[in-house]
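What follows is a short report on a single structure.
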Amino acid sequence: PGGSSGGTAAAVAVLGSPVGITADVGGSTRIPAFFCGLFGHKATGGWVPNTGTHLDNCHGAVCRICQPGCVTRHAEDLLPMLKVLSGPPSMEEDPEAHEYPPLPTWTTPAGPDRPRLDLGNLTVIPLTFRGGLPGSPLEVLLSSISTPLLEGQARVVEHLRSQGATIKPMYFEDLDVGEWFATWADRNQAAGGPSFRRVICEDRPLFGPLELVRYFAGVSKHTAPALGLAFVEDLFELVSPPLKKRLANAAAVEAKIEAALADGSGRDAVLLMPTMPRHGCRHDELLWRIFDSSFTCIWNATEFPATAVPIGRADGRPLGLQIVSTRGRDELTLGVAVELERAGLAGCVAPGGA
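Taking my numbering, the leading residue of the sequence shown gets 10, the next gets one more, and so forth.
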């Protein structure tokens, strides 16, 4: 069901476990949560250490971009999971542990005593496509947002408006969405992170183009989307300008997003957007929609917290949104998820449910 933690998400969705610990290199918590109708959370970069994971030998910046996450059936369970998982590694585990951001003093109790979020102090920025001519070549490669997702997003926006939130719609194009995938790839490379190919090969030899032949012969160990992403990384490296220039562009992209979230009013602010543009993709369809992961990987690159929220189904297929804010505002994105579940607008649908 999408992403390298798809098995974990599927197990939680069919009641095999109440919660699941996931990886999130570029969306592998939120994409499986989206396709399985679960809640999922990628924390502020550096809050959850990679100790004992496949990135155990990586240090510093790459571990802020790529880190574990979690999926749950209930929004209320995300914050307790985050509190358990979070905490800096020791200097023995990561010599660059001093670069990790400090954890907050948690202010939100978990469980039924959790206070209601002050939606009157919340600015919600729903993102949609403007359409028309693309602002960059890569925008052409992004899928349009499916109608059920747009309708679900609109329902959530209207509910939040009715509860006192201020709504400030924006377009993806205003935030340079065509540069999001490259921002993630360039920052991951600069941080010294392993290529996606090396991550999925683990201790096995790295594969080449002949792996596609093995895939179509039914003997490859890798999924089509994973192979597609690995080869797209190769293509980017061949055609991209020098890394220094690409990193400057990445910084400009982040600055534009951060400016949208910080309007100077002192109000809380979140972005609200589909987790992926298309819901319920068919098996291996993501191979041809690999750039749609721009919707998730940008939040790894910027190290912003992002919470995946299931908002029902269309034609039996899950729908889901992401709630995103600036670094350190995890309790805010998780709080909005809880409010939507309490209002009946979000929630995991039981196996076999309508």
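For every residue, glycine included, the Cβ atom is placed at its ideal position computed from N, Cα and C.
Given the structure is predicted, the values throughout are model-derived calculations rather than measurements.
For Cys-79, the enclosing beta strand (DSSP E) stretches over residues 76–81. Your pair Gly-78 and Lys-51 checks out as a contact, with CB atoms roughly 5 Å apart and the cut at 8 Å.
Cβ atoms of Ser-37 and Phe-190 stay farther apart than 8 Å, at about 15 Å. Rounded to the nearest angstrom, the gap between the Cα atoms of Thr-116 and Ser-99 is 25 Å.
Just measuring C-alpha positions, the residue of Arg-196, Cys-210, Ala-239, Val-248 sitting nearest Gly-69 is Arg-196. Short of 6 Å from the beta carbon of Glu-105, and not among the five residues preceding or following it, lie these beta carbons of its own chain, in chain order: His-68, Gly-69. Counting along the chain, Val-279 sits inside no alpha helix (DSSP H); it lies in the beta strand (DSSP E) bounded by residues 277–283. Per DSSP, the unbroken beta strand (DSSP E) holding Ile-30 starts and ends at 28–33. Contact check between the stretch 168–178 and the stretch 123–140: three or more CB pairs, one atom from each, fall below 8 Å, which counts as touching. Assigned with DSSP and collapsed to three states, Phe-48 falls in strand. In this structure Thr-316 is in contact with Leu-343, their Cβ atoms being roughly 6 Å apart against a cut-off of 8 Å. Boundaries of the alpha helix (DSSP H) around Gly-15: 15–22. Ser-334 and Tyr-224 have their C-alpha atoms spaced approximately 38 Å apart. By the criterion of at least three beta-carbon pairs nearer than 8 Å, the stretch 283–291 is in contact with the stretch 320–334. Around the beta carbon of Ser-153, fewer than 16 other beta carbons sit within 10 angstroms, so the residue counts as exposed.
Between the alpha carbons of Tyr-180 and Thr-137 lies a gap of roughly 5 Å.
DSSP places Val-345 inside the alpha helix (DSSP H), whose first and last residues are 339–351. Taken in chain order, the whole alpha helix (DSSP H) runs of length 4 or more contained in the stretch 113–183 are 156–171. Nearest to Leu-142 by C-alpha distance, out of Thr-132, Glu-182, Pro-110, Ile-134, is Glu-182. Straight-line measurement puts the Cα of Ile-320 at about 14 Å from the Cα of Arg-287. Here Ile-299 is near Pro-234, since their CB atoms are less than 8 Å apart.
The beta carbons of Gly-61 and Cys-72 sit about 12 Å from each other, so the pair does not count as a contact at 8 Å. The residue among Val-133, Leu-150, Arg-276 with its C-alpha nearest the C-alpha of Gln-162 is Val-133. Here the C-alpha atom of Glu-220 lies approximately 27 Å from the C-alpha atom of Thr-192. Annotation: the continuous alpha helix (DSSP H) that includes Ala-239 extends over 233–248. DSSP places Val-228 in no beta strand (DSSP E); its state is neither H nor E. Under DSSP, Ala-323 forms a beta bridge with Arg-326.
In this structure Glu-267 is exposed. Its beta-carbon is surrounded by fewer than 16 other beta-carbon atoms within 10 angstroms. When Arg-206, Asp-272, Val-262, Lys-253 are compared, the shortest CA-CA separation from Leu-244 is found for Arg-206. DSSP places Thr-192 in the helix class (H, G or I) of the three-state scheme.
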